[in-house]
């Protein structure tokens, strides 16, 4: 799969959302860096498990960030596998089937915005 | 050439069907031999297995997923926690960290009935008496 790095996709959606949220909210850089670390781990998962696509959605109300990875079957043997690293910063993981050979994993991250005042 | 990327010097890079069958049979014999030895329950490992089951139930609560606890399956020394559902939602994902240290491996795969199955396997539930 040739795909944009996960964090590039996330950054562009975050930038758009930032414009919509306005001046009462600002991005917390520490939270953004934590998100970036998770994205790097998700890139590894995409490479290892035949990733097909990424999709990023930000909830207008909760500001939670959902990163969907469509990929093949997943097998994790190592205790320090990137799968656990990707989960580090999440508040939820949703798993469903797309077809006989493809899964969708939704990594749900908390908001990276804080109130500006 | 070496599409399987093996480094073993005895491996010449291609499996013939007969070799695969022989390898599988050899592995089956090893497993049978292991399983036929007198063994005792590894209580500590069994507790870890039960803890992981409890954490998994907590993580999947309300998601509609079926969580099954299968000790000594498919072999007496192995146990599996399986989670099956159409859309499995895990909350409290921080519990994956302790599970990662306890489980021998985790598999996530699509089934032919439109559902997803997640298996967490635990080896070492029994130990042979030497």
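Protein chains in written order, with our numbering: chain A, 1 to 117; chain B, 1001 to 1130.
From the three backbone atoms N, C-alpha and C, an ideal C-beta is built for every residue, glycine too.
Item                                                                                                                  : Value
Start and end residues, alpha helix (DSSP H) containing residue 1098 of chain B                                       : 1096-1102
Endpoints, alpha helix (DSSP H) assigned at residue 87 of chain A                                                     : 82-87
Spatial distance of residue 2 of chain A from residue 1044 of chain B (CA atoms)                                      : Low local confidence applies: a pLDDT of 48 at residue 2 of chain A is under 50, so the model's placement there is unreliable, with the coordinate-based value given in what follows. Looking at the two C-alpha atoms, the distance is approximately 45 Å.
Entirely enclosed beta strand (DSSP E) segments - the segment 20-107 of chain A, minimum 3 residues                   : 25-27, 53-58, 65-71, 74-76, 92-99
Cβ-Cβ separation, residue 76 of chain A to residue 13 of chain A (assumed contact under 8 Å), whole Å                 : Not confirmed; about 27 Å, so no contact.
Pick from A:17, A:34, A:98 that is closest to residue 71 of chain A, judged by C-alpha positions                      : A:98
Status (buried if at least 16 other CB within 10 Å, exposed otherwise) for residue 1017 of chain B                    : exposed
Distance, residue 69 of chain A Cα to residue 101 of chain A Cα                                                       : 14 Å
Any chain B beta carbon closer than 9 Å to residue 99 of chain A                                                      : yes
Beta-carbon neighbours of residue 1107 of chain B, restricted to chain A and to distances below 8 Å                   : 73, 74, 75, 76
Within-9 Å CB hit, residue 1090 of chain B to chain A                                                                 : yes
Contact list for residue 94 of chain A against chain B, beta-carbon separation under 9 Å                              : 1063, 1087, 1088, 1089, 1090
Listed by chain order, chain B residues near residue 103 of chain A by CB distance under 7 Å                          : 1108, 1110, 1116
Counted within 10 angstroms of its Cβ, other Cβ atoms place residue 1055 of chain B as buried (16 or more) or exposed : buried
N- and C-terminal bounds of the beta strand (DSSP E) containing residue 1076 of chain B                               : Premise fails: residue 1076 of chain B is in no beta strand (DSSP E) and is neither H nor E.
Helix, strand or coil at residue 117 of chain A [DSSP, three-state]                                                   : coil
Cβ pair residue 7 of chain A, residue 40 of chain A closer than 9 Å                                                   : yes
Close Cβ partners of residue 1130 of chain B (< 7 Å) along its chain, the five nearest in sequence each way excluded  : none
C-beta contact flag for residue 74 of chain A and residue 1108 of chain B at 9 Å                                      : yes
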